[in-house]
Amino acid sequence: MSKQSLSTQPYKGTRDFFPEQMQVRDAIFSQLRASVESYGYQAYDGPMLEPFELYAAKSGDEIVSEQLYSFEDRGKRKVAMRPEMTPTLARMVASRSNQLARPIRWYSIPNLWRYERPQRGRLREHWQLNVDLLGLASVEAEVEIVQVAIDLLRGFGAGISDFEVQINHRQLMDAVFEQKLALSSEQVPLVARAIDKRAKIEPAAFEKLLVEAGCKAQQIEDLNAFLVSPLMELEADFGDNPGFKDLCRFFDHVNAIGLGPVCRFNSSILRGLDYYTGIVFEIYDKHPDNRRALFGGGRYDNLVGMFGGEQIPGVGFGMGDVTLADFLDTHGILPQVSPSIDVMVGLFDASLFDLSQQIARQLRQAGLRVSSVLVPMKLGKQFQNADKQGIPIMVMLGPDEAQQGQVTVKHLKSGEQETLAQTSLVPYLQNLLA
RNA sequence: GUGGGUGUAGCCAAGUGGUUAAGGCGCUGGAUUGUGAUUCCGGUAUUCGUGGGUUCGAUUCCCAUCAUCCACCCCA
Numbered sequence: 055m056s057k058q059s060l061s062t063q064p065y066k067g068t069r070d071f072f073p074e075q076m077q078v079r080d081a082i083f084s085q086l087r088a089s090v091e092s093y094g095y096q097a098y099d100g101p102m103l104e105p106f107e108l109y110a111a112k113s114g115d116e117i118v119s120e121q122l123y124s125f126e127d128r129g130k131r132k133v134a135m136r137p138e139m140t141p142t143l144a145r146m147v148a149s150r151s152n153q154l155a156r157p158i159r160w161y162s163i164p165n166l167w168r169y170e171r172p173q174r175g176r177l178r179e180h181w182q183l184n185v186d187l188l189g190l191a192s193v194e195a196e197v198e199i200v201q202v203a204i205d206l207l208r209g210f211g212a213g214i215s216d217f218e219v220q221i222n223h224r225q226l227m228d229a230v231f232e233q234k235l236a237l238s239s240e241q242v243p244l245v246a247r248a249i250d251k252r253a254k255i256e257p258a259a260f261e262k263l264l265v266e267a268g269c270k271a272q273q274i275e276d277l278n279a280f281l282v283s284p285l286m287e288l289e290a291d292f293g294d295n296p297g298f299k300d301l302c303r304f305f306d307h308v309n310a311i312g313l314g315p316v317c318r319f320n321s322s323i324l325r326g327l328d329y330y331t332g333i334v335f336e337i338y339d340k341h342p343d344n345r346r347a348l349f350g351g352g353r354y355d356n357l358v359g360m361f362g363g364e365q366i367p368g369v370g371f372g373m374g375d376v377t378l379a380d381f382l383d384t385h386g387i388l389p390q391v392s393p394s395i396d397v398m399v400g401l402f403d404a405s406l407f408d409l410s411q412q413i414a415r416q417l418r419q420a421g422l423r424v425s426s427v428l429v430p431m432k433l434g435k436q437f438q439n440a441d442k443q444g445i446p447i448m449v450m451l452g453p454d455e456a457q458q459g460q461v462t463v464k465h466l467k468s469g470e471q472e473t474l475a476q477t478s479l480v481p482y483l484q485n486l487l488a
């Protein structure tokens with residue numbers, strides 16, 4: 055905060071991506087795109103600013119009141135920087151609802167903003183892969199979406215036992231809260247919050263939260279019994295519940311497909327967003343050093359209809375870049391970055407500048423990515439610079455080569471080099487880099 | 001929003017109420033006008049995050065502020 059100069063730091067909770075980091079980001083995003091596109095999902099994007107009301111209507115309370123970046127524009131419109139992508143998606147789908155072929159399979163990697171205090175895995179700006187499938191009301195949609203989520207991680211090389219998909223259903227939980235426990239509408243969010251924390255705290259602390267929420271001993275006992283019950287044992291109490299039926303069908307499919315071992319029913323999974331209406335799920339890292347939720351999603355059947363047109367059911371998930379990178383790092387499967395420049399054309403002295411540039415142009419026309427030295431410097435320095443940028447090949451041409459119509463190609467990794475005719479340079483390099 | 005830790009160069013860091021603020025890595029120039037290493041020589045902080053206070057004197061002590069990290073809150 056010097057008074058003379060501006061700070062070079064990025065805004066709190068945001069990151070600069072220098073070329074080195076941008077390469078990693080690009081490599082991760084490319085892998086994500088390849089995975090979701092293999093399922094036939096198409097890319098879309100929307101504006102970073104949306105009307106404030108878009109979020110005021112459907113996201114959780116705290117998200118809007120505490121963590122939304124919002125302001126008034128010059129035309130007195132209240133706008134917000136998008137804190138999540140799903141409302142934008144719903145708006146876009148609603149605006150073309152009668153033109154889009156169903157089911158709609160869309161994905162995006164938007165940057166999202168939330169005003170909060172940065173900490174591990176949580177920043178103010180982050181990128182989030184969003185994958186959504188709209189137009190299907192039945193659990194076949196969830197079966198696909200969960201497969202996409204699983205194959206995303208597998209696409210990076212994650213093992214089948216490195217993570218786990220934990221699944222629950224909002225309608226099942228509604229039945230528990232309203233019918234089985236007969237909670238008041240004020241108690242439900244408090245109990246839900248306690249359940250959300252259950253895995254992280256002691257049983258006694260969990261009970262304390264329930265007592266604070268106004269639960270009686272019998273209710274606590276019933277809830278605890280429910281939370282530890284496997285899905286099969288819930289049939290007696292919830293056999294007619296649509297959520298229970300969905301879950302059964304979902305697990306039947308998943309088991310038949312062979313993904314049973316990766317998926318588990320967990321009635322503690324709730325997720326905070328108000329708009330989920332059906333199955334909700336979270337993907338958990340099973341590595342002991344990183345045991346936490348990586349990402350999650352669920353079904354939102356009422357969101358698109360908010361815009362007044364046709365009600366279109368949807369299911370999807372969002373995966374943040376920070377937690378994903380932590381996962382990949384923890385498991386040692388960060389993608390390898392490949393060099394973004396194929397060849398550096400060196401410069402021996404100023405008199406050979408034009409010839410060097412001609413060679414470089416020739417190589418670019420042949421489809422190679424070519425950087426060049428513009429001002430002469432010591433040869434050793436040129437090699438060093440090129441190597442530092444990860445460029446594998448250096449093309450050199452001094453007075454000797456120039457006179458004989460030759461060039462020298464040096465492989466920076468091995469240090470080996472050979473001299474060949476300028477006319478055979480392009481095929482030589484193309485063959486090498488193929 | 002709450003509580004706590006930490007701020008000395010691009011990075012890692014030593015240091016002290018008293019003239020010029022160690023060292024290492026990195027970067028950079030040279031020794032070396034046809035080859036990346038090693039070695040050697042030089043340059044890399046007019047000042048210790050910023051502002052104020054105490055003091056004859058502050059990088060050091062005090063306050064504030066900013067940044068950052070950790071936990072909480074909440075989670076898209």
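When we follow the working numbering, the leftmost residue of the first sequence carries the number 55, and every step to the right adds one. Think of the CB as a built atom: it goes at the ideal place given N, C-alpha and C, for glycine as much as any other residue. Bear in mind that the values here come from a model prediction, so they are computed numbers and not experimental data.
Discussion item. Considering just the uninterrupted stretch of the beta strand (DSSP E) at residue 460, what are its terminal residues?
Written reply: If you number the first sequence from 1, residue 460 lands on position 406. Where residue 460 is concerned, the enclosing beta strand (DSSP E) stretches over 460-465.
Fill in: Outcome for residue 405 when other beta-carbon atoms lying within 10 angstroms are tallied against a minimum of 16
Residue numbering aside, residue 405 sits at position 351 when the first sequence is read from its first letter. Residue 405 is exposed by the Cβ-count criterion.
Fill in: residue 493 - partner residues in DSSP beta bridges
Residue 493 lies beyond the residue range present for the chain, which begins at 55 and ends at 488; the question has no answer from this structure.
Discussion item. Going by DSSP in three states, residue 55 sits in which element: helix, strand or coil?
Written reply: The residue labelled residue 55 in the question sits at position 1 within the first sequence. Here residue 55 scores only 31 on pLDDT, less than 50, and its place in the model should not be relied on; the value that follows carries that caveat. It is coil, neither helix nor strand.
Worksheet entry | residue 390 versus residue 74 - alpha carbon distance | Numbered from its first residue, the first sequence carries residue 390 at position 336. Numbered from its first residue, the first sequence carries residue 74 at position 20. About 12 Å.
Item to complete: Please state if the CB of residue 436 and the CB of residue 427 are separated by a distance shorter than 8 Å.
Response: Along the first sequence, read from residue 1 onward, the residue named residue 427 stands at position 373. Along the first sequence, read from residue 1 onward, the residue named residue 436 stands at position 382. Yes.
Item to complete: Report buried or exposed for residue 464, applying the criterion of at least 16 other Cβ atoms within 10 angstroms of its Cβ.
Response: Numbered from 1 along the first sequence, position 410 holds the residue referred to as residue 464. Taking a 10 Å sphere around the C-beta of residue 464, we find 16 or more other C-beta atoms and assign the residue as buried.
Worksheet item: Pick from 412, 295, 302: whose alpha carbon is nearest that of residue 286?
Response: What you label residue 286 is simply residue 232 of the first sequence in a count that begins at 1. Closest option to residue 286, Cα to Cα, is 302.
Worksheet entry | Span of the alpha helix (DSSP H), counted from its first residue to its last, around residue 415 | Locating residue 415 in the first sequence gives position 361, counting from the first residue. 407-419 is the extent of the alpha helix (DSSP H) around residue 415.
Worksheet entry | Alpha carbon of residue 409 to alpha carbon of residue 148, nearest angstrom | Locating residue 409 in the first sequence gives position 355, where the first residue counts as 1. Locating residue 148 in the first sequence gives position 94, where the first residue counts as 1. Each residue's alpha carbon lies about 58 Å from the other.
Worksheet item: If you drop the 5 nearest sequence neighbours on each side, which residues of the same chain put their C-beta closer than 6 Å to that of residue 2?
Response: For the chain, the structure presents residues 55 to 488; residue 2 sits outside this window and is missing.
Discussion item. When you measure from the CB of residue 259 to every non-hydrogen atom of the ligand ATP, does any distance come out below 7 Å?
Written reply: The ligand ATP is not part of the structure shown, which contains no ligands of any sort.
Worksheet entry | Distance CB(residue 459)-CB(residue 475) smaller than 8 Å | Mapped onto the first sequence, residue 459 falls at position 405. Mapped onto the first sequence, residue 475 falls at position 421. Going by C-beta atoms, residue 459 is nearer than 8 Å to residue 475.
Fill in: Assigned secondary structure, residue 169 (DSSP; H/G/I helix, E/B strand, else coil)
Taking the first residue of the first sequence as 1, we reach residue 169 at position 115. Residue 169: coil per DSSP, three-state reduction.
Worksheet entry | Assigned secondary structure, residue 278 (DSSP; H/G/I helix, E/B strand, else coil) | To locate residue 278, count along the first sequence from 1; it is residue 224. Residue 278 falls in the helix class under three-state DSSP.
Worksheet item: For the beta strand (DSSP E) that contains residue 482, what are its first and last residues?
Response: The sequence position of residue 482 within the first sequence is 428, counting from 1. Where residue 482 is concerned, there is no enclosing beta strand (DSSP E), although the alpha helix (DSSP H) around it starts and stops at 479-487.
Practice prompt. Compute the distance between the beta-carbons of residue 177 and residue 68, then report whether it is under 8 Å.
Written response: Here residue 177 corresponds to residue number 123 of the first sequence, with the count starting at 1. Here residue 68 corresponds to residue number 14 of the first sequence, with the count starting at 1. Contact: yes.
Worksheet entry | residue 292 burial status per 10 Å Cβ neighbour count (16 or more: buried) | The residue labelled residue 292 in the question sits at position 238 within the first sequence. Looking at its Cβ environment, which holds 16 or more other Cβ atoms inside 10 Å, residue 292 is buried.
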